[in-house]
Each structure stands twice: as structure tokens, then as C-alpha cells.
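In our numbering, the protein residues as written are 2 to 176.
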């Protein structure tokens, strides 16, 4: 509603960061996400970060986030996660079901994923879809930027994420 849109246009926009639910993906994506957020901040975009943390990996997430220049507020519990989605101006998320939750909440996002090289070789042979982002599969178009494997760099994530903070065509394409 309009109250939620108003919350999304507050003084410091909220950026939701969702590094995944498995230890391996959290370990791989957290350093990349932290570096990407620093690059977005360096471009002069003000924002605060809220990071819904999977309870069983909260300590790992807190430890990895401690090295970030942009300090996230860790969010616990499903209800508070959904409240973050309502406040979020944009999101940086690991590929997975959370992308559907974000799409349903109307949150523009950038999706990232990285697996070890051997897994990539196996998965690319098994999966014959043009996208790994569930909302893109449902829409039949790549409306949501996805940066996977070699493309999942801080530079590319920041370049895709920064245009989602102000009003403009990047946001409009996902709204």
C-alpha cells in the first residue's frame, strides 16, 4: 500500500541482504556481498542494511558481516524478515525461494549465486533453463538481474544494485 511505499522512500533506504540458507553459500557470498555494498556506498548512495539471518547460521553471518564497511542490522525470525521486506527499497539476494518472497513483496532485487567450479560443470549439464531466478522463470523474461558464477563480482553486483535505489528505469522494470 501507500504506507509501505512511503516507508521505502524514507531518509535512508533499507537494503535487504539475503546471503542464502546453507553454510556453503553464506560463506561464499557474504564476502562478495560486503564488497559490493561498500562499492554502492562509495558511489554516494545512502542506505542501511537489514540482513535476515537464518537462526542456525546467525553466528557465522555475524562473524562474516563484522568485516563489512557497511554494518548490517541482523534480523531474526520470519515475522521480522517479512517486516524487512515491507521496508526494503531493494534487495541483494542469493538465488532461491527468497526471490519469490521478495517478488511477491514488490521488492526490486539483484540475484547472485556462486558454486564451486566442479558443481557448475555438473549443474550446467543437468539444467536446461535460461535463468535460475524463480520469478524470471515464472515471468518468462529476465526482469531481475542475475549474476552467477564468474559474473558474481562485487563490481557487477554494485553496478546492478545501485540503480535500484533511486527512482528510474531499473526500478520501474521490476515494479
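Cβ coordinates follow ideal geometry from the N, Cα and C atoms, glycine included. Keep in mind the model is a prediction, meaning the values are calculated, not measured.
I need the straight-line Cα distance from residue i to residue j, nearest angstrom please.
| i | j | result |
| --- | --- | --- |
| residue 58 | residue 28 | 10 angstroms |
| residue 110 | residue 158 | 10 angstroms |
| residue 167 | residue 91 | 10 angstroms |
| residue 156 | residue 36 | 8 angstroms |
| residue 99 | residue 84 | 14 angstroms |
| residue 88 | residue 44 | 22 angstroms |
| residue 32 | residue 165 | 21 angstroms |
Assuming residue i and residue j form a contact by the criterion Cβ under 8 angstroms, report the distance between their Cβ atoms to the nearest whole angstrom.
| i | j | result |
| --- | --- | --- |
| residue 175 | residue 144 | 6 angstroms |
| residue 19 | residue 94 | 4 angstroms |
| residue 73 | residue 108 | With 8 angstroms as the limit, residue 73 and residue 108 do not qualify as a contact, their Cβ atoms being about 16 angstroms apart. |
Could you please give the first and the last residue of the uninterrupted alpha helix (DSSP H) stretch that includes residue i?
| i | result |
| --- | --- |
| residue 85 | 79–88 |
| residue 158 | 155–162 |
| residue 174 | 170–175 |
With distances taken Cα to Cα, identify the nearest neighbour of residue i among the options.
| i | options | result |
| --- | --- | --- |
| residue 102 | 74, 164, 80 and 49 | 80 |
| residue 22 | 162, 54 and 73 | 54 |
| residue 114 | 108, 12, 13 and 25 | 25 |
| residue 69 | 56, 96 and 41 | 41 |
| residue 76 | 148, 165, 56 and 146 | 56 |
| residue 30 | 171, 172, 104 and 65 | 65 |
Between which two residues does the beta strand (DSSP E) harbouring residue i extend?
| i | result |
| --- | --- |
| residue 106 | From DSSP, residue 106 is part of no beta strand (DSSP E); its letter is neither H nor E. |
| residue 75 | 73–76 |
| residue 111 | 110–114 |
| said: To test your reading of the DSSP string, which unbroken alpha helix (DSSP H) runs of 4 or more residues are found completely within the stretch 12–66? | reply: 24–43 and 59–66
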